[in-house]
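End of the sequence shown sits at 683 in our numbering; the numbers just go up one at a time, nothing left out. The beta carbon of each residue, even a glycine, is placed where N, CA and C say it ideally should be. Written below as structure tokens is the structure these notes are about.
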Amino acid sequence: MDYVLLAETNFLGLLTNLGFFAMGVAGLGLVIFIHELGHFLAAKACGVKCLRFYIGFNPPIKIGPWTISHFWKRQWGETEYGIGVIPLGGYVQMLGQDDNPAAAEEQLAREKAEGREGQYDPRDYRSKSVPQRMMIISAGVTFNVISGVIFAAIAYMIGVSYTPCEVRFAQPGGPAWIAGIRPGDKILSVTPGAEPTETLRFRKDLTLAVVMNGDEKPMPIVVRRGDKTLDFEVTPQKPFPKAEFPLLGISPEDTLKIAKPSDEFALLAGDPEWMKKLATDDLLVEVDGKPIENQIEWQNILATRPGDTLKLKFDRAVKDGEAGETSYEFELPPTPYRQTGLVMEMTPILHVQEGSPAAEQGLKAGDKIVSIGDVKAEDGYTLASRSAKYAGQTVDVVVMRDGEEKTFLVPTRQPTQYNTQSGYGSELAVDMLGISYSLTNRVAEVLPGSPAEAAGLQAGDEIRTLKLKPTESQKEMAYSWPKEDEPLKVIEDDIDWQDAFNAAFQYLPAGVPVEVIFNREGSNETKTVLITPVDSEDQFIEHRYLVFVTPSPRYVSPSFGEALSLGFQETGSGMAQVFMMLRKLVTGKVPLAGFGGPGTILAVATSESSQGVGRLLLFLTLISANLAVINFMPIPVLDGGHMVFLLYEGIMGKPLDEAWMMRLTFAGFAFVLLLMICVIGLDINRFLPWITG
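Given below as structure tokens:
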């Protein structure tokens, strides 16, 4: 009996395309078929009679007056072939061998009662020698390993798309950012002693290397920056306490091609005319009449010119014979800062990036920023955009250190990223300096004439909860509103004010009222007020509601020999990953919640098939490696458990005592059943919110 139990889930494919879904189902069915085919052919070669060959399991299931056990079956010769209704694996039933412990126990009792104990048909599985039975049991795993190599080799021969390890964004305060890794860096190696390679994959090689490394030791990272090769040691960290896996805190580089325009972004931007011009894969080629080459240049423009209207030119690929313009221009207005009047208390500097201008001039964690040039720190959310005018210049940075003001003359650098793309739980940064900080939930100042002042908030108040209160007309908009009964709690340790502000004010349509629950300084009194933010006329954020496509070049192996070699590498790597993940699971370093069952495996298979046949074949290589390793674990009812019993029989010269064998088999069956229930429960928990909307 074989089970597909576990799959690593760094990403999930949504089951939205029936064609890709069918490809995923067919691919997973093929992996199971190959495993069972190994058992079947080995059994036939040893002269064992095979009664059934099934993909999926076929217990009788009663539905009203009908009993259903299979989708299809057919008797060919002495074997019944079929597809069972429960798609959790497959099995080959051999004469004298039954993985169902209850059925096996009944069979033994029946043979004893009939006086046939130990008397087997020549074609009975139990009549074969220990080496023959070992060959039969191990054949499924062997076929999975061989097929994994073949799948990967074919994938590399036809071409595999991948996400290059080029950095677009380093999360301020994250491990990579602190170490000095910057947008534009290309990661060449993440494994000790490994040769640098230009084809390191972000979604697979880098992500898996980080998970395998864990958050207890530094990992070596080699990057190329311009014409230099740099070495870093970075210790991955969990971005917030409840995170399942550690991260480096980086995201991959984008192209300058537009992704499919988002309905939600159109709503946030006020459904502007310029957004209606955009189409998927339109290429940004000029900004204000000057050619633009890459995303780093675009990030610099946004970071240094947050309040400017930008004139953009796009090229559109028009197929031969089609009519339409091949290029167009429009003016892109700045994005107003969503003003509430709340100026939140800034923390001191939390991190100084290694190798940054701030580090070179002696700024350090614990310093509290007072001003940058003539720009007062005040509102930390907009500090980077307000001080961006000094990018590339030498500027006075005033900080408070040990109760005294100190001034540092800092030659700033050109920023290559901006704050308002930061993720959940991240810090804010002034990238031209290389410093990061956060905002607390304590009000430092309330601006005169602002919505916050009108609502009665004042300095010293501590914001406890933000709760959206959209009007009925706003609820009808094409937007996924957060549930009102799940308020955003700012006070929680893993939520910083900047993330709460983004979720409740900046990245919602204009004019949405927000209920603010706060504690007044000097009392235990809790108050509730309503704030409706307004767009600022003189402060802007860097983000412009444009989303770009992540590159996905294809790698095609130049020769069959290299493709076969890569096939062995992929299969070996997949098996090693499974061993390491299981070890981390047992030691508690990886939570069970990070795994998935059949639903997750199918979702990922669907997602991978949407990226091309090559990607699907590589995923099937990983699943083959998973199936080979998991099925050969020394657990009774799995192939590995059978192999342990056979090893005992071969060493001791007799089978294990039947009573003990039954006890162990029942225990193994219970363990596997419990594990299946757990991972299926995780699938339900993972997909039910998406299904129910």
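Tell me the DSSP secondary structure of residue i in three-state form.
i: arginine 676; result: helix
i: leucine 636; result: helix
i: histidine 702; result: The requested residue 702 is not part of the displayed model; the chain covers only -9 to 683.
i: alanine 434; result: strand
i: asparagine 509; result: strand
i: alanine 12; result: helix
i: leucine 664; result: helix
i: proline 165; result: helix
i: leucine 18; result: helix
i: lysine 379; result: helix
i: tyrosine 146; result: helix
i: lysine 52; result: strand
i: methionine 209; result: strand
i: tyrosine -7; result: Legend: pLDDT at tyrosine -7 = 29, less than 50; position of this residue unreliable, value from coordinates given subsequently. The answer is strand: DSSP assigns tyrosine -7 an E or B state.
i: valine 388; result: strand
i: methionine 422; result: coil
i: serine 599; result: helix
i: glycine 643; result: coil
i: glutamate 532; result: coil
i: glycine 3; result: Residue confidence is low: glycine 3 scores 40 on pLDDT, short of 50, so the model does not pin down where it sits. No coordinate-derived value is stated.
i: glycine 170; result: coil
i: leucine 628; result: coil
i: alanine 293; result: helix
i: methionine 695; result: Outside the shown range of the chain, which is -9 to 683, sits residue 695, and nothing can be said about it.
Distance check for residue j and residue i, CA to CA, integer angstroms please.
i: valine 580; j: leucine 353; result: 37 Å
i: aspartate 629; j: leucine 636; result: 11 Å
i: proline 165; j: alanine 307; result: 40 Å
i: glycine 260; j: threonine 337; result: 34 Å
i: threonine 406; j: isoleucine 171; result: 11 Å
i: tyrosine 380; j: leucine 220; result: 28 Å
i: glycine 80; j: glycine 551; result: 33 Å
i: valine 15; j: lysine 574; result: 29 Å
i: valine 436; j: phenylalanine 530; result: 19 Å
i: arginine 133; j: glycine 28; result: Going by the sequence as given, residue 133 is phenylalanine instead of arginine. Distance between the alpha carbons of phenylalanine 133 and glycine 28: 6 Å.
i: proline 548; j: leucine 592; result: 31 Å
i: alanine 449; j: valine 333; result: 9 Å
i: valine 669; j: valine 139; result: 27 Å
i: valine 480; j: valine 502; result: 18 Å
i: glutamate 350; j: lysine 396; result: 16 Å
i: alanine 355; j: isoleucine 339; result: 5 Å
Return the chain-ordered list of same chain residues with a C-beta closer than 6 Å to the C-beta of residue i, the five sequence neighbours on each side being excluded.
i: leucine 610; result: Gly17, Val21 and Phe141
i: proline 645; result: Glu639
i: alanine 374; result: Asn409 and Val420
i: serine 119; result: none
Just tell me which of the options has its CA closest to the CA of residue i.
i: tyrosine 535; options: Glu276, Asp392 and Leu498; result: Leu498
i: valine 388; options: Asp261, Tyr380, Ala378 and Val400; result: Val400
i: proline 523; options: Met565, Pro477, Gly564 and Pro460; result: Pro460
i: asparagine 48; options: Leu274, Ile674, Ile76 and Leu556; result: Ile76
i: alanine 434; options: Glu505, Asp369 and Ser128; result: Asp369
i: aspartate 451; options: Ala500, Ser463, Val506 and Pro55; result: Val506
i: glycine 704; options: Asp421, Val365, Asp357 and Val420; result: Examination of residue 704 is not possible in this model, given that the chain is present from -9 through 683 alone.
i: aspartate 114; options: Ile73, Phe491, Ala33 and Lys479; result: Ala33
i: asparagine 431; options: Phe192, Thr561, Arg191 and Phe491; result: Phe491
i: serine 752; options: Thr397, Leu478 and Thr372; result: The structure shown does not extend to residue 752, since the chain is modelled only from -9 to 683, so the question has no answer here.
i: isoleucine 521; options: Asp272, Val275, Ala367 and Phe495; result: Phe495
Near residue i, what residues of its chain come up, given a Cβ to Cβ distance below 7 Å and the 5 sequence neighbours on each side ignored?
i: lysine 517; result: Phe508 and Arg510
i: lysine 267; result: Tyr318 and Phe320
i: methionine 651; result: Phe635
i: glutamate 598; result: Gly3, Arg605, Leu606 and Phe609
i: proline 50; result: Thr57 and Ser59
i: phenylalanine 30; result: Cys40, Phe43 and Val82
i: alanine 348; result: Val342, Val400, Leu423, Gly424 and Ile425
i: leucine 198; result: Gln567
i: tryptophan 62; result: Gly72 and Ile73
Using C-beta distances below 8 Å, list every residue in its chain close to residue i, excluding the 5 sequence neighbours before and after it, in chain order.
i: glycine 149; result: Arg544, Tyr545, Val546, Gly602 and Gly604
i: methionine 565; result: Val135, Ala615, Ala618 and Val619
i: leucine 556; result: Ala142, Ala143, Tyr146 and Ser547
i: isoleucine 24; result: Phe133, Asn134, Ser137 and Ser614
i: asparagine 675; result: none
Exercise for the section: Say whether the region 327 to 337 touches the region 434 to 445, bearing in mind that this needs 3 or more beta-carbon pairs closer than 8 Å, one atom from each stretch. Expected result: yes
Practice task
Evaluate the contact criterion for the region 277 to 284 versus the region 251 to 261: three or more CB pairs, one atom per stretch, below 8 Å.
Solution key: no
Handout entry: Touch test, the region 586 to 598 against the region 151 to 161, Cβ-Cβ under 8 Å, three pairs minimum
Key = No contact exists between the region 586 to 598 and the region 151 to 161.
Exercise for the section: Assess, as a yes-or-no matter, whether the region 38 to 47 is touched by the region 62 to 76 under the definition of 3 or more beta carbon pairs within less than 8 Å. Expected result: The region 62 to 76 is in contact with the region 38 to 47.
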